[in-house]
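A.B. asks:
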Amino acid sequence: MTLSGVSQNTNVFFTEADAFFEANVVNGKVAYASIKDNQGQLNKLLRLAEAFTVSGDDESINKAFWINAYNICVIKGIVDNYPIKSPLDKAGFFDKDTYKLAGETLTLNAIEHEKLIAGYKDARFHFVLVCGALGCPPLINEVYMPATVETQLDIQTKKALNGSFLKVNSKKKRVEVSQIMEWYKDDFTIDDRTEIDFINSYRTEKIPDNYRLTYFPYDWSLNE
Numbered sequence: 001m002t003l004s005g006v007s008q009n010t011n012v013f014f015t016e017a018d019a020f021f022e023a024n025v026v027n028g029k030v031a032y033a034s035i036k037d038n039q040g041q042l043n044k045l046l047r048l049a050e051a052f053t054v055s056g057d058d059e060s061i062n063k064a065f066w067i068n069a070y071n072i073c074v075i076k077g078i079v080d081n082y083p084i085k086s087p088l089d090k091a092g093f094f095d096k097d098t099y100k101l102a103g104e105t106l107t108l109n110a111i112e113h114e115k116l117i118a119g120y121k122d123a124r125f126h127f128v129l130v131c132g133a134l135g136c137p138p139l140i141n142e143v144y145m146p147a148t149v150e151t152q153l154d155i156q157t158k159k160a161l162n163g164s165f166l167k168v169n170s171k172k173k174r175v176e177v178s179q180i181m182e183w184y185k186d187d188f189t190i191d192d193r194t195e196i197d198f199i200n201s202y203r204t205e206k207i208p209d210n211y212r213l214t215y216f217p218y219d220w221s222l223n224e
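Sequential numbering from 1 applies to the sequence shown in the UniProt record's numbering.
1. Pairs of beta-carbons, one from the region 17-37 and one from the region 135-145, closer than 8 Å: are there three or more?
2. Among all the DSSP beta bridges, which residues are the ones paired with V26?
3. Could you tell me which of L166, T194 and Y144 sits nearest to A19, measuring between CA atoms?
4. Which residue from K96, K121, Y202 and F198 puts its Cα closest to that of T151?
5. Quick check on L129: does DSSP put it in helix, strand or coil?
6. What is the DSSP secondary structure of Y120, reduced to helix, strand or coil?
7. Nearest CA to the CA of L108: which residue from L129, D89, R124 and K121?
8. Report buried or exposed for G132, applying the criterion of at least 16 other Cβ atoms within 10 angstroms of its Cβ.
9. Pull up the distance between the alpha-carbon of I190 and that of Y184, whole angstroms please.
10. Locate the beta strand (DSSP E) running through L213, then write down its first and last residues.
11. Tell me which residues share the same chain as E195 and place their Cβ nearer than 8 Å to its Cβ, disregarding the 5 neighbours each side in the sequence.
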C-alpha cells in the first residue's frame, strides 16, 4: 500500500495496521482467540502506535490514526482479558484501562471524546469506532487511511443508516435506532439539526419528519 505525502514512519503504521485488520477481521467479526495465541503482529502495531507522531497540521492523518488506534486498543483490551463474553465484563474497559499512543497515555474514552469528537465535532466517528460489541457498527477489514478517511467515514455512516442500525415502521410512523444515538444525542444534533435530519443526510430512503424516534437496546455481546 502506498500513501502519498505521508512520511515513511507514518506509512509503516498504516501499512501494518492494514495487514492486521485484513488478517483478523471477517464480516465485522474479530478473531480474538487467534490473535491471543499469536500476539506478535498486535504488539508490533502497538509499538508503532506508541511512537507515532501526531501533527496538528494534518487533520486527515490525525483522524485516521486515532480511529485505527481506538480499534486496535479495543482488540488489545479484549485479547488481554480473553475469553470474555463482552467488553463490559472487564471493569474500567473504557474509562480506566490506558494505552500508550503517540507519546500519551490514554483511555478509550479519551481517544473517542478528546482526540476525535471534541476536536472535529463529527458524529460520523460513532460509525467507525468499534467498541468490541455486536451493537457497534461492524469493524472493517482494512485500515482507515489519511488519503481516504473522509470517504471511508461517509461509506460506513451510509451503510449503518441504510442498514440494521435503524428499523423503520411505516405503519406506526416510527423509526427505531441504536442506543448510540441516544447516548451521544448532542453529537447528532449540532447546528439545530434533529436526529432524523442527520439520518436523512445519509439515507437513500428518507425518514418523514413526523416519525417518532425510539431506541432499541444495545447488544454488548462480543463481536467474534
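Ideal placement from N, C-alpha and C gives every residue a C-beta, glycine not left out.
C.D. replies: Quick look at the numbers:
1. yes
2. Position 26 of the sequence shown, counted from the start, is the residue given in the question as residue 26. DSSP lists K29 as partners of V26.
3. Numbered from 1 along the sequence shown, position 19 holds the residue referred to as residue 19. Closest by alpha carbon: Y144.
4. Counted from its first residue, the sequence shown places residue 151 at position 151. That would be Y202, whose Cα lies nearest to the Cα of T151.
5. Stepping through the sequence shown from its first residue, residue 129 is reached at position 129. Looking at L129 - three-state DSSP - the assignment turns out to be coil, as it is neither helix nor strand.
6. Numbered from 1 along the sequence shown, position 120 holds the residue referred to as residue 120. Reduced to three states, the DSSP call for Y120 is helix.
7. Taking the sequence shown and counting its residues from 1, one reaches residue 108 at position 108. Nearest of L129, D89, R124 and K121 to L108, Cα basis: L129.
8. By 1-based counting over the sequence shown, the position of residue 132 is 132. Burial call: buried.
9. Translated into positions along the sequence shown, residue 190 becomes position 190. Translated into positions along the sequence shown, residue 184 becomes position 184. One C-alpha to the other measures close to 11 Å.
10. The residue labelled residue 213 in the question sits at position 213 within the sequence shown. Its beta strand (DSSP E) spans residues R212 to F216.
11. In the sequence shown, residue 195 corresponds to position 195, counting from 1. Excluding positions up to five away in sequence, the list reads V177, M181, K185, F188, T189 and L213.
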